[in-house]
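Here's the structure, in structure tokens; my notes come after.
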Amino acid sequence: MSDVIHAPILEMQGIEKHFGPVIALNGVSFDVRPGECHCLLGDNGAGKSTFIKTMSGVHKPTKGTILFEGKSMSFDSPRDAMTAGIATVYQDLAMIPLMSVTRNFWMGREPVRRVGPFRFMDFKTANSVTMEEMAKMGINLRSPDQAVGTLSGGERQTVAIARAVYFGAKVLILDEPTSALGVRQTANVLSTIDKVRKTGIAVVFITHNVRHALAVGDRFTVLNRGKTLGTAQRGQITPEELQDMMAGGQEMVALESSLGGTV
Amino acid sequence: MSSTGMATDERIRKTSRLRTALVRPELGAIVGVIAVFLFFIVFAGDSGMFNPQGVLNWSTVSAQFVIIAVGACMLMIAGEFDLSVGSMIGFAGMSIAIMSVTLGWPVWMAILLTFVLCVSIGALTGTIVVRTGLPSFIVSLAFLFILRGFTIFFPQVIERRTIIGGISSAAEGDWLAPLFGGKLGAPFFSWLAEMNIIATYSRGSRMGEPMVSGIPMLIVWALVLVVIAHIVLTRTKFGNWVFASGGDAQAARYVGVPVARVKILMFMFTAFCATVFATCQVMEFGSAGADRGLLKEFEAIIAVVIGGALLTGGFGSVIGAALGAIIFGVVQQGLFFAGVESSLFRVFLGVILLFAVILNTYIRRIITGER
């Protein structure tokens, strides 16, 4: 993290979320500052998804407060959160593969050009901005007309991230962006996260891969069974410690010794 | 996977211009149209199929298919089906006939009210689909029966028959009726006849009049609908929403696309197209029949699929759908010109459908990277 300590842009305090008798989140506190990448780690079922959905306006917390830029907020829909500047890139819902990169990039916010009484989509602007923004993220598209389906998984994540950044996201929530990717693609997405963070955007990076988290994270928060197990600064924690916290300790130690190293 | 930061990726082959020009959703339909025309030029070239009357004949039939295919295409790209198109055609025609002949209302009023009625029914179908989340296949199937039932019920109860005639005389002097039943460019065709460029009747009451006296409004409607729908779909913000709604409704909703509104509007547009078809047909025949439009919904869907649209939505082309409709019309009329048993029409259609769809699937995989 940079030397200047910013105030948190998004603060979640004592968040609880119940679904009927199931307590999915039981008092989770978490904050993220501009220009930092805060990793949220946890095994499957730890409550990561529920938590980010609460952050991005899909769920309303049963208890707890959300402070955005110091003010208490209550989002009624993902659209609300997006307007405020919280953008979420979901692993599978990011893009429509049948449509071109440009059409995806501008979906819902198409630029318009007037010709007499008619309003057309301004493809010239749309295409050039898309190419430019993708180039900033290090991806040179063959053509802005190419369908998103022809891109690799990592490139799709990057289009989604570039889109969120271009439309003024202040907080970028990434839901397991690397979990389905190969080694090289993962490296590309991680370097994109790094670029985004350096522009002063607050990044929340959800993952269950400790090595991916340590590669770009400034702070690490571990969720387990709906609770936070604590937050650590970069350099204060080893991969093994993180891994143990995520998996719930002793069993994992035994498993790992039989497997010969950190999973 | 791209090599990040590099201008070119050695693993992406350069694609030739020809390939780029060929790889488009309409390719299957384009190939189909060429094949069909070659076939009939060879087998029916001297039968009169390609003289002015012949051309008028198959282009009118094709235009009918085009009108309903345009609506079905937009709706399919938005991710929905409407199986009630055929019944809607019968219903709309009967509605005009009952209002203008039985009730004696002015024809323009009958036409306008029928449009309002049918488009509202389209909106109702759409709303039910969007609200309940039921497959549009089922909801519109229900309307297929409901509308056809009413189309038979009302004339039987009111007039004790299932065909209502006398619309031609009712429509005489009406200001709106010629927009559907009239012909465009009559003076031009008379001039062509005077110049002996086109044939004239040599006997009978219409002796001296050109055999082709103008372009039917049906064809004009087809052209206008194709052009407008194509521009809206490919060049506007709304068009992008149509693709997005059909491509992945949830992803579209997440970025604020009003998916429900888009889908309902497309159901209304489909109903509008069916009503245009019905109105043109009623004005041309001068009567409405309870069995009109039977199976048209499937013919529209087949034309759209030949045209390269994806049955599950999110991909397709209005131009392709129009070409698919032309294949339909040309084959149907062409077999008649070629003197072939008309039942072969179905065989021929089945074969074309199969080949076009196989080619389209292959092309679509290249374009969209599906595997």
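These protein sequences, in sequence, are chains C and U. Note that the numbering used here has the first sequence beginning at 1, numbered continuously upward. Note that the numbering used here has the second sequence beginning at 264, numbered continuously upward. Cβ coordinates follow ideal geometry from the N, Cα and C atoms, glycine included. If you're wondering where the values come from, they're calculated on a predicted model, not measured in any experiment.
Check your understanding: What does lysine 526 of chain U touch in chain C if you count any residue whose Cβ is under 8 angstroms from its own?
Key -> Here the question's residue 526 of chain U lines up with position 263 in the second sequence. Within chain C, no residue comes near lysine 526 of chain U; the closest Cβ sits about 15 angstroms away, beyond 8 angstroms.
**Study point:** Cβ-based burial, isoleucine 401 of chain U [other Cβ within 10 Å; buried from 16]
**Key:** To locate residue 401 of chain U, count along the second sequence from 1; it is residue 138. It counts as exposed.
Review point. Which first and last residues belong to the alpha helix (DSSP H) in which alanine 541 of chain U is found?
Key: By 1-based counting over the second sequence, the position of residue 541 of chain U is 278. 522 to 548 is the extent of the alpha helix (DSSP H) around alanine 541 of chain U.
Exercise for review: Can you give me, in chain order, the residues of the segment 287 to 300 of chain U that have a beta carbon less than 7 angstroms from any beta carbon in chain C?
Suggested key: none
Point to revise | Proximal residues to arginine 516 of chain U (C-beta, below 7 angstroms), its chain only, five neighbours per side dropped | key: Translated into positions along the second sequence, residue 516 of chain U becomes position 253. Val522.
**Study point:** Exposed unless 16 or more other CB atoms sit within 10 angstroms - verdict on phenylalanine 416 of chain U
**Key:** For this step, residue 416 of chain U is matched to residue 153 along the second sequence. Counting the other CB atoms within 10 Å of its CB gives phenylalanine 416 of chain U a total below 16, which places it among the exposed residues.
Review point. What is the DSSP secondary structure of asparagine 314 of chain U, counted as helix, strand or coil?
Key: As a first step, residue 314 of chain U must be located in the second sequence, where it is residue number 51. If DSSP states are grouped into helix, strand and coil, asparagine 314 of chain U belongs with coil.
Check your understanding: When DSSP labels each residue in this structure, what does threonine 575 of chain U get in the three-state scheme?
Key -> For the purposes of this step, residue 575 of chain U is identified with residue 312 of the second sequence, where counting begins at 1. Residue state, collapsed to three classes: coil.
Check your understanding: Under a Cβ-count criterion, where at least 16 other Cβ atoms within 10 Å of its own Cβ denotes burial, should lysine 198 of chain C be classed as buried or exposed?
Key -> Residue mapping note: residue 198 of chain C aligns to position 198 of the first sequence, counting from 1. Under this definition lysine 198 of chain C is an exposed residue.
Check your understanding: Can you list, in chain order, the residues of its chain whose CB lies under 6 angstroms from that of glycine 154 of chain C, leaving out five sequence neighbours each side?
Key -> Looking up residue 154 of chain C in the first sequence gives position 154. For glycine 154 of chain C, where only same-chain residues beyond five positions count, the Cβ hits under 6 angstroms are Leu181, Gln185, Asn188, Val189.
Practice item. List the whole-angstrom C-beta distance separating arginine 79 of chain C from glycine 519 of chain U, where the pair is believed to meet the contact cut-off of C-beta under 8 angstroms. Key: As a first step, residue 79 of chain C is located in the first sequence; it is residue number 79 there, counting from the start. As a first step, residue 519 of chain U is located in the second sequence; it is residue number 256 there, counting from the start. With a Cβ gap of about 5 angstroms, arginine 79 of chain C and glycine 519 of chain U count as contacting.
Review point. In chain order, what residues of the same chain have a beta carbon less than 6 angstroms from the beta carbon of glycine 509 of chain U, not counting five sequence neighbours either side?
Key: Counting from 1 along the second sequence, the entry for residue 509 of chain U is found at position 246. Excluding sequence neighbours, glycine 509 of chain U sits near Ile340, Ala341, Gly342, Gly576, Gly577.
Review point. Just how far apart, CA to CA, sit arginine 627 of chain U and glycine 138 of chain C?
Key: Taking the first residue of the second sequence as 1, we reach residue 627 of chain U at position 364. Taking the first residue of the first sequence as 1, we reach residue 138 of chain C at position 138. Looking at the two C-alpha atoms, the distance is approximately 28 angstroms.
Review point. So who's on the other strand from arginine 119 of chain C, going by DSSP bridges?
Key: As a working mapping, residue 119 of chain C is identified with position 119 in the first sequence. According to DSSP, arginine 119 of chain C bridges with C:Arg114.
Check your understanding: Using a Cβ-Cβ cut-off of 8 angstroms (strictly less than) and excluding sequence neighbours within five positions of tyrosine 166 of chain C, which residues of its own chain qualify?
Key -> Position 166 of the first sequence, counting from 1, holds the residue named residue 166 of chain C. Excluding positions up to five away in sequence, the list reads Phe105, Val129, Glu133.
Check your understanding: Which residues share a DSSP beta bridge with threonine 463 of chain U?
Key -> Within the second sequence, residue 463 of chain U is the residue found at index 200, counting from 1. Looking at the DSSP assignment, threonine 463 of chain U forms a beta bridge with U:Pro473.
Point to revise | CB contact below 8 angstroms: threonine 631 of chain U versus chain C | key: Taking the first residue of the second sequence as position 1, residue 631 of chain U is located at position 368. The beta carbon of threonine 631 of chain U falls within 8 angstroms of a beta carbon belonging to chain C, placing the residue at that interface.
Check your understanding: Where DSSP assigns a beta bridge to alanine 714 of chain U, which residues make up the other side?
Key -> With chain U running from 264 to 634 in the structure shown, residue 714 of chain U is simply not present.
Review point. Is there contact here, the segment 560 to 570 of chain U with the segment 372 to 379 of chain U, by at least three beta-carbon pairs under 8 angstroms?
Key: no
Check your understanding: By DSSP, does glutamate 132 of chain C sit in helix, in strand, or in coil?
Key -> For the purposes of this step, residue 132 of chain C is identified with residue 132 of the first sequence, where counting begins at 1. If DSSP states are grouped into helix, strand and coil, glutamate 132 of chain C belongs with the helices.
Practice item. For leucine 558 of chain U, name the three-state secondary structure that DSSP assigns. Key: Taking the second sequence and counting its residues from 1, one reaches residue 558 of chain U at position 295. Of the three classes helix, strand and coil, the one that applies to leucine 558 of chain U here is coil, per DSSP.
Check your understanding: First and last residue of the alpha helix (DSSP H) that includes phenylalanine 68 of chain C?
Key -> Counted from its first residue, the first sequence places residue 68 of chain C at position 68. Counting along the chain, phenylalanine 68 of chain C falls outside any alpha helix (DSSP H), though it belongs to the beta strand (DSSP E) covering 63 to 68.
Practice item. Give the residues of chain C in contact with glycine 519 of chain U, contact being defined as C-beta atoms less than 8 angstroms apart. Key: For this step, residue 519 of chain U is matched to residue 256 along the second sequence. For glycine 519 of chain U, the neighbours in chain C by C-beta distance under 8 angstroms run, in chain order, Arg79, Met82, Gly108, Arg109.
Point to revise | Distance, serine 77 of chain C Cα to isoleucine 482 of chain U Cα | key: For the purposes of this step, residue 482 of chain U is identified with residue 219 of the second sequence, where counting begins at 1. For the purposes of this step, residue 77 of chain C is identified with residue 77 of the first sequence, where counting begins at 1. About 47 angstroms.
**Study point:** Proximity of isoleucine 708 of chain U and valine 545 of chain U at Cβ, strictly below 8 angstroms
**Key:** The shown model of chain U, from 264 to 634, leaves out residue 708 of chain U, and the question about it has no answer.
Check your understanding: Quick one, which of C:Val28, C:Thr150, C:Gly168, C:Thr88 has its alpha-carbon nearest glycine 632 of chain U's?
Key -> Numbered from its first residue, the second sequence carries residue 632 of chain U at position 369. The option with the nearest alpha carbon to glycine 632 of chain U is C:Thr150.
Review point. Can you tell me whether aspartate 244 of chain C is buried or exposed, with buried defined as 16 or more other CB within 10 angstroms of its CB?
Key: Reading the first sequence from its first residue, position 244 is the one you call residue 244 of chain C. With 16 or more other Cβ atoms within 10 Å, it is buried.
Check your understanding: Quick check: the segment 8 to 18 of chain C against the segment 27 to 45 of chain C, are there 3 or more CB pairs under 8 angstroms?
Key -> yes
Check your understanding: Quick one: is tryptophan 504 of chain U buried, meaning 16 or more other Cβ sit within 10 Å of its Cβ, or exposed?
Key -> To locate residue 504 of chain U, count along the second sequence from 1; it is residue 241. Its Cβ being crowded by 16 or more others within 10 Å, tryptophan 504 of chain U is buried.
Practice item. Output the boundary residues of the beta strand (DSSP E) element that contains isoleucine 173 of chain C. Key: The residue you call residue 173 of chain C lines up with position 173 of the first sequence. Residues 171 to 175.
Check your understanding: What residue ranges within the segment 141 to 207 of chain C form continuous beta strand (DSSP E) runs of no fewer than 3 residues, ordered along the chain?
Key -> 171 to 175, 202 to 207
**Study point:** For leucine 439 of chain U, the three-state DSSP class (helix, strand or coil)
**Key:** As a working note, residue 439 of chain U is residue 176 in the second sequence. In the structure shown, leucine 439 of chain U sits in coil (DSSP, three-state: anything other than H, G, I, E or B).
**Study point:** Option nearest aspartate 437 of chain U by Cα separation, candidates U:Ser465, U:Arg282, U:Gly592, U:Pro369
**Key:** Locating residue 437 of chain U in the second sequence gives position 174, counting from the first residue. Minimum Cα distance to aspartate 437 of chain U is reached at U:Pro369.
Check your understanding: Does isoleucine 15 of chain C have its Cβ less than 8 angstroms from a Cβ in chain U?
Key -> Position 15 of the first sequence holds residue 15 of chain C. Isoleucine 15 of chain C does not count as touching chain U.
**Study point:** Under the three-state DSSP convention, the category histidine 6 of chain C falls into
**Key:** Taking the first residue of the first sequence as 1, we reach residue 6 of chain C at position 6. The answer is coil: DSSP assigns histidine 6 of chain C none of H, G, I, E or B.
Point to revise | Selected residue, minimal CA-CA separation from leucine 229 of chain C, among C:Val216, C:Met246, C:Ala213 | key: Counting from one through the first sequence, the residue named residue 229 of chain C turns up at place 229. Nearest of C:Val216, C:Met246, C:Ala213 to leucine 229 of chain C, Cα basis: C:Met246.
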